[in-house]
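Residue numbers (numbering that gives the first Met the number 0), protein chains in the order written: chain A, 0 to 225; chain B, 0 to 225; chain C, 0 to 225; chain D, 0 to 225.
Protein chains: 4
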Amino acid sequence: MPKQSAALQPHRRLFADRRRNPDAKREAVLHTAVRIFLERSYARTSMDDVATQLNITKPALYHYFRNKEEILVEIYRLGTDLIDEMLGSIEADEKTGLDKVADFIAGYTRIIAGDFGRAVVRLDDGELSKAGRRLVRARKREIDHRLRALIDSGIEDGSIASCDAKIAAFILAGAIHGMASWYKPASPMDLAAIAGQYVRMLAAGLTAGDLPELAGRQTIAPRRFE
Amino acid sequence: MPKQSAALQPHRRLFADRRRNPDAKREAVLHTAVRIFLERSYARTSMDDVATQLNITKPALYHYFRNKEEILVEIYRLGTDLIDEMLGSIEADEKTGLDKVADFIAGYTRIIAGDFGRAVVRLDDGELSKAGRRLVRARKREIDHRLRALIDSGIEDGSIASCDAKIAAFILAGAIHGMASWYKPASPMDLAAIAGQYVRMLAAGLTAGDLPELAGRQTIAPRRFE
Amino acid sequence: MPKQSAALQPHRRLFADRRRNPDAKREAVLHTAVRIFLERSYARTSMDDVATQLNITKPALYHYFRNKEEILVEIYRLGTDLIDEMLGSIEADEKTGLDKVADFIAGYTRIIAGDFGRAVVRLDDGELSKAGRRLVRARKREIDHRLRALIDSGIEDGSIASCDAKIAAFILAGAIHGMASWYKPASPMDLAAIAGQYVRMLAAGLTAGDLPELAGRQTIAPRRFE
Amino acid sequence: MPKQSAALQPHRRLFADRRRNPDAKREAVLHTAVRIFLERSYARTSMDDVATQLNITKPALYHYFRNKEEILVEIYRLGTDLIDEMLGSIEADEKTGLDKVADFIAGYTRIIAGDFGRAVVRLDDGELSKAGRRLVRARKREIDHRLRALIDSGIEDGSIASCDAKIAAFILAGAIHGMASWYKPASPMDLAAIAGQYVRMLAAGLTAGDLPELAGRQTIAPRRFE
DNA sequence: AATGAATGAGAGTTCATTCAT
DNA sequence: CATGAATGAACTCTCATTCAT
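This is the structure:
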């Protein structure tokens, strides 16, 4: 049984009143579920766990969601919506590619710091059915492609050094996704400071066309580690 | 049931002989298990799945491993051993901190491209018992600390720009861990090329003390995405 | 599968109604379980056996009991409760120690003739977990100590001949526990008659300070049987 | 795994030598098995447990015994042989019935204090197959009948008060069987002293024809405890 | 004579999901 | 609308027993 953090209480109250907005209840389920899923993983969380946390019964859950998967898919949708929205707003800007990417890093960092953003990155979409998985992966792929496009635009306008945009995107995304594993909202570390270092370090990697000190050497695999 | 890729066949033959190679069989179990775990996740893989893949029965598995968790722990051990070994060899070198970090990036990339390395990063240690989890997390933490030490040594010898080594380590590790999600051994992309770009881009991020173009701006959170 | 004695039928009907009598159902499980446990032993009785007997499915049992052990512990509790209650009522009486012990013998005999009493004596508490075993054994020990106290009070008031109360208690309890192995409720023998002889014979053993005919002889171990 | 008490070591040594007496080995298995069975129960003891304790492999056990049940049956046989032998020797004596019963009590007490005697009483013959159970129960029944005969002879010669020999036998046997549950060989209590009190108290119960103090009262079931 | 390896059968337990109320 | 109750399917693990060597 997951411990009931004080932060979850508001959602429990929602269900006390019978005639509340059903959409609000649905949302309450999602907010509670995403927290537990993040804490214990989707697979190790039973519908009973979610229901208990919300102070309702299991079949009540099935009133709002057809099945467990639908909850997870909805969480993914909310999370990816945040990212889509951010991307849309960045794409609309009149900036250099590098600046756009920098904005993406900053924005993505903040999204990942939130529950739904973290869920997109941390929850295992392998738990989904074929249909659900296709849907979720399509959205993830789309995000990846839009990030690549941002990088490509930077290469074109010269603000970013020539490189394989696909791998660059993986590096950027991967670095930020890592946050989902260690960042705790209650962390003493200031989110802005973290995001700052992410932007600085990753953006620098994009601008540096070539690194004389490194380029000359035989860096790769002087020994084998496999 | 997982599909039987041709690559798994050799292990199946091992078990035909009743007597020979008990150690080889244990290893064969690990090689088969890690593949299936990576494909379907540890939780969604049943002991029957592993046994079937090896052409033996479920209880036979319990000859070689006390329980399912022991298989997972052993996989983690093999994976982290690879990383430890690499770190040890890098630490013994007489190089600048930056060069050491560059070597780490290259080596880590290659390890993550292998099954056991990928397993360390991708398999969910939340499935482990308390004892197992403590063990595995201790090893992961140790790796993280050794990477930070590498970065710190670079800051001290001036080869790396001053920064928060903790976050820098997260960025490096995160970027490489990301590979575990998309890299496929059969991928047409050349591993050396990938590793090369990882080294170039991430190392560049470490050397660039400040980026005039970015430093002056209000990069962080001009809008809110949460 | 245990044979379905007619006596078990009533409990089967209880579970036909979906909603009613949740407490009654829990009790019905206990009554059915104790019978099967006594017939086949706890270990050789599967949850499926119990469920089948009640005309429900195995998981339904888990609605009423957390696990198999909880059923056993509950049976022990009900059984020892009967004994505790009897002891309490005897202790409250104003009688000689001998009379109290005689009442105990009579009462204990009747309790052991019942299912839950027999269960306390016959079911193997070695099947329990450490925690469960500690609990059950503590209750058994307490009963033993209260019986010893009864005997000691008889020795003090002179109604019982001086002896080692500990061993006397073992003899009394052992003799009665033996009943659990041979007494069948459907037995033609009258329970009152049985209890009568138990009281007469065991109480006589307590009053007879010394037996001239036996005291003079070398009764013990004239030969060795080991 | 059962702890290896020092006392078990001798049997382990037996198997070190290859050409020892096979009968001696068979016996060694029985001596080891009975101890473990008494400690953990027959059902909770695996063939591996027995083999490990003897420092041999499981199939080696199957060399000496056809199956697990045969070990148990053999243990029962050895135990009941002890009792049969004692009964034979007592029956051959020229004594009053009471004296014979007193000798039985003393002798039985000592047998129950030993491993094989304790096994007859404590091990659950319900674990046996139908055939084995029939065999073992027949022997137990025979012992019971011979004890009844002893009592009956005492009633006839006037040394024992008139009573239901069947129940008297149950009381005697039950009281002594109880020992199997609490008597520990290492116990500080002197076995002779224990046997002495058993004889005194139980024999007294047999001689006392009627107890005026108890006979007059309504001892039985003034209250109901069921 | 003795072993390491393997197996078939079965146990307890969990859980997403669905009735019947 | 909401609930207590129930289920089927699955999974991990155990063990007496038997091959093949």
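Backbone N, C-alpha and C define an ideal beta-carbon position, used for all residues, glycine too.
How far does the alpha helix (DSSP H) with L97 (chain A) in it reach, from first residue to last? Residue mapping note: residue 97 (chain A) aligns to position 98 of the first sequence, counting from 1. Start and end: G96 to A112.
The alpha helix (DSSP H) that contains R145 (chain A), what's its start and end? Locating residue 145 (chain A) in the first sequence gives position 146, counting from the first residue. Note, R145 (chain A): alpha helix (DSSP H), K129 to E155.
Which residues in chain C have a C-beta closer than 7 Å to the C-beta of D123 (chain D)? List them in chain order. Translated into positions along the fourth sequence, residue 123 (chain D) becomes position 124. S40, listed in chain order.
Have a look at D:G177, D:G153, D:K183 and D:A59 and flag the residue whose alpha-carbon is nearest the alpha-carbon of V120 (chain C). By 1-based counting over the third sequence, the position of residue 120 (chain C) is 121. Of the candidates D:G177, D:G153, D:K183 and D:A59, the one whose C-alpha sits nearest the C-alpha of V120 (chain C) is D:G177.
Quick one: residues in its chain with C-beta nearer than 7 Å to the C-beta of A32 (chain B), no 5 flanking neighbours on either side, listed in chain order? As a first step, residue 32 (chain B) is located in the second sequence; it is residue number 33 there, counting from the start. The answer, listed in chain order, is V49, I70 and I74.
Could you tell me the boundaries of the alpha helix (DSSP H) in which F169 (chain C) lies? Residue mapping note: residue 169 (chain C) aligns to position 170 of the third sequence, counting from 1. Secondary structure note for F169 (chain C): its alpha helix (DSSP H) is the uninterrupted segment A164 to W181.
Determine, using beta carbons only, whether V198 (chain A) and A101 (chain A) come nearer to each other than 9 Å. Walking along the first sequence from the start, residue 198 (chain A) turns up at place 199. Walking along the first sequence from the start, residue 101 (chain A) turns up at place 102. Yes, the Cβ-Cβ distance between V198 (chain A) and A101 (chain A) is below 9 Å.
Buried or exposed: K99 (chain C), going by 16 or more other Cβ atoms within 10 Å of its Cβ? Within the third sequence, the letter at position 100 stands for residue 99 (chain C). It counts as buried.
From the beta carbon of D163 (chain A), is the nearest beta carbon of chain B less than 9 Å away? Counting from one through the first sequence, the residue named residue 163 (chain A) turns up at place 164. Yes, because at least one Cβ of chain B sits closer than 9 Å to the Cβ of D163 (chain A).
When the Cα atoms are used, what is the spatial distance from R25 (chain B) to I89 (chain B)? Translated into the one-based positions of the second sequence, residue 25 (chain B) becomes position 26. Translated into the one-based positions of the second sequence, residue 89 (chain B) becomes position 90. If I take the Cα positions, the gap works out to 30 Å.
At a Cβ threshold of 9 Å, is R199 (chain D) touching chain C? The sequence position of residue 199 (chain D) within the fourth sequence is 200, counting from 1. R199 (chain D) counts as touching chain C.
Skipping 5 residues on each side, what residues in its chain have a beta carbon closer than 7 Å to that of K165 (chain D)? Here the question's residue 165 (chain D) lines up with position 166 in the fourth sequence. Closer than 7 Å at Cβ, skipping near neighbours: R147.
Relative to the C-alpha of A27 (chain C), which candidate in C:F64, C:T44 and C:E38 has its C-alpha closest? Indexing the third sequence from 1 puts residue 27 (chain C) at position 28. Ranking the options by Cα distance to A27 (chain C), first place goes to C:F64.
Limits of the alpha helix (DSSP H) - the one that G204 (chain A) falls within: Residue numbering aside, residue 204 (chain A) sits at position 205 when the first sequence is read from its first letter. Note, G204 (chain A): alpha helix (DSSP H), L190 to T206.
In whole angstroms, give me the CA-to-CA distance for I55 (chain B) and T44 (chain A). Within the second sequence, residue 55 (chain B) is the residue found at index 56, counting from 1. Within the first sequence, residue 44 (chain A) is the residue found at index 45, counting from 1. C-alpha separation (whole angstroms): 32 Å.
Test item: CB-CB of G233 (chain A) and L97 (chain A) under 9 Å: Because chain A is modelled from 0 through 225, residue 233 (chain A) falls outside the range shown and cannot be assessed.
Can you give me, in chain order, the residues of the segment 148 to 172 of chain C that have a beta carbon less than 7 Å from any beta carbon in chain D? C162, D163, I166, A167, F169, I170 and A172
Where does L205 (chain A) land, buried or exposed, given buried means 16+ other C-beta within 10 angstroms? Within the first sequence, numbered from 1, the residue matching residue 205 (chain A) stands at position 206. Buried: at least 16 other Cβ atoms inside 10 Å.
Of all Cβ atoms in chain B, is any one closer than 9 Å to the Cβ of T206 (chain A)? Numbered from 1 along the first sequence, position 207 holds the residue referred to as residue 206 (chain A). True, the Cβ-Cβ gap to chain B drops below 9 Å.
Enclosing alpha helix (DSSP H) for E126 (chain B) [first to last residue]: Numbered from its first residue, the second sequence carries residue 126 (chain B) at position 127. No alpha helix (DSSP H) holds E126 (chain B); DSSP gives it neither H nor E.
Assuming I170 (chain D) contacts L201 (chain C) (C-beta within less than 8 Å), just tell me the rounded distance between them. Start at 1 with the first residue of the fourth sequence, and residue 170 (chain D) comes out as number 171. Start at 1 with the first residue of the third sequence, and residue 201 (chain C) comes out as number 202. That pair is a contact at about 7 Å.
Do A179 (chain A) and R133 (chain A) have their C-beta atoms within less than 9 Å of each other? The residue given as residue 179 (chain A) occupies position 180 in the first sequence. The residue given as residue 133 (chain A) occupies position 134 in the first sequence. Contact flag unset, no.
Suppose contacts are defined by Cβ-Cβ distances below 9 Å. Is R42 (chain B) in contact with D123 (chain B) by that definition? Locating residue 42 (chain B) in the second sequence gives position 43, where the first residue counts as 1. Locating residue 123 (chain B) in the second sequence gives position 124, where the first residue counts as 1. The sequence as given places Ala at residue 42 (chain B); Arg does not occur at that position. Yes.
Close-in-space but distant-in-sequence residues of the same chain around G78 (chain B) (CB under 6 Å, 5 per side omitted): Within the second sequence, numbered from 1, the residue matching residue 78 (chain B) stands at position 79. Answer for G78 (chain B): F115, G116, A118 and V119, listed in chain order.
Sequence-distant residues of its chain with Cβ nearer than 6 Å to L86 (chain D) (five each side left out): Translated into positions along the fourth sequence, residue 86 (chain D) becomes position 87. Cβ neighbours of L86 (chain D) beyond the five flanking positions: R145.
Is there a C-beta anywhere in chain D that falls below 9 Å from the one on H144 (chain C)? Locating residue 144 (chain C) in the third sequence gives position 145, where the first residue counts as 1. Cβ-Cβ to chain D under 9 Å: no for H144 (chain C).
Would DSSP call Y41 (chain A) helix, strand or coil? Within the first sequence, the letter at position 42 stands for residue 41 (chain A). Residue state for Y41 (chain A) is assigned as coil, using DSSP reduced to three classes.
Just to check, is the beta-carbon of A27 (chain A) closer than 8 Å to a non-hydrogen atom of the ligand SAH? Absence of the ligand SAH is noted for the structure shown, with no ligands found whatsoever.
Can you pull the chain D residues whose beta carbon is under 8 Å from the beta carbon of I193 (chain C), in chain order? The residue you call residue 193 (chain C) lines up with position 194 of the third sequence. Within chain D, the residues near I193 (chain C) are I166.
Cβ-based neighbour list, Y107 (chain C), same chain, cut-off 6 Å, excluding 5 preceding and 5 following: The count along the third sequence starts at 1 and reaches residue 107 (chain C) at position 108. Here the set comprises I175.
Interface flag, M178 (chain A) vs chain B, CB-CB below 9 Å: Taking the first sequence and counting its residues from 1, one reaches residue 178 (chain A) at position 179. Yes, its Cβ sits closer than 9 Å to a Cβ of chain B.
Is the shortest distance between the beta-carbon of I175 (chain B) and the beta-carbons of chain A less than 9 Å? Taking the first residue of the second sequence as 1, we reach residue 175 (chain B) at position 176. Cβ-Cβ to chain A under 9 Å: yes for I175 (chain B).
Within 10 Å of its beta-carbon, does S128 (chain A) have 16 or more other beta-carbons around it, so buried, or fewer, so exposed? Numbered from its first residue, the first sequence carries residue 128 (chain A) at position 129. Exposed, because fewer than 16 other Cβ atoms sit within 10 Å of the Cβ of S128 (chain A).
For V72 (chain B), which residues from the same chain have a beta carbon less than 8 Å from its beta carbon, with the 5 sequence-adjacent residues on both sides left out? As a first step, residue 72 (chain B) is located in the second sequence; it is residue number 73 there, counting from the start. Cβ within range, chain order: L127, G131, L134 and V135.
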